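Take a look at the structure set out below.
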Amino acid sequence: MTYESYAKIAKALSEPQRVKILDMLSCGEMCACDILEHFDFTQPTLSHHIKVLTEAGLVIAEKKGTWHHYSLNEETAKQYIQETVHLLTHAADCICIKEGNKTDKTNLGVLQ
């Protein structure tokens, strides 16, 4: 995962309403109409939040009939968690050791 993709996910998670959407989707696939029942905003606002989450790779969208159904992209979520743990803990393969104290501006430490 690149620093750019990691930061994109972090930015998507910086909005509490998006975090709540992800929390809801962690229980399973949901229709947009069902998600909307839990918020005081309109369909276009939900579409914006879903777009941000989808572009960050956290949500998978699928059209079924007239409504879109959304699910959590568990693979991306797990990778983000692993990268966060790696980023915030000292490890034998930390960037300072691998790069001889040079800062790599491209990739996080777990995946190149």
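Numbering (the numbering used here), first residue to last: 726 to 837.
Here a beta-carbon is modelled for each residue, glycine too, at the ideal position from N, C-alpha and C.
Keep in mind the model is a prediction, meaning the values are calculated, not measured.
Closest to Lys788 by CA distance: which of Gln807, Thr727, Glu754 and Phe764 is it? Glu754
Quick one: what's got a C-beta closer than 7 Å to Asn798's C-beta in the same chain, skipping five residues either side? Correct list, in chain order: Gly782, Leu783, Val784 and Ile785.
Measuring CB atoms only, is the stretch 796–812 touching the stretch 760–772, in the sense that at least three cross pairs come out at less than 8 Å? Taking a cut-off of 8 Å for Cβ pairs, the stretch 796–812 and the stretch 760–772 do not touch, as fewer than three such pairs fall below it.
In whole angstroms, give me the CA-to-CA distance for Gln837 and Ser730. Per-residue confidence for Gln837 stands at a pLDDT of 44, beneath the threshold of 50, marking its modelled position as unreliable; no derived number is given.
Per DSSP, the bridge partner or partners of Val784: Leu797
Helix, strand or coil, according to DSSP, for Thr814 in the structure here? The three-state secondary structure of Thr814, taken from DSSP, is coil.
Straight-line gap, Ala757 to His763 (C-alpha atoms, nearest Å): 10 Å
When you compare only the Cα positions, how much space is there between His811 and Lys736? Rounded to whole angstroms, His811 to Lys736 spans 19 Å at the Cα level.
Neighbour-count burial assignment, His774, 16 or more Cβ in a 10 Å radius: buried
Within this structure, are the beta carbons of Ser796 and Leu750 separated by less than 7 Å? yes
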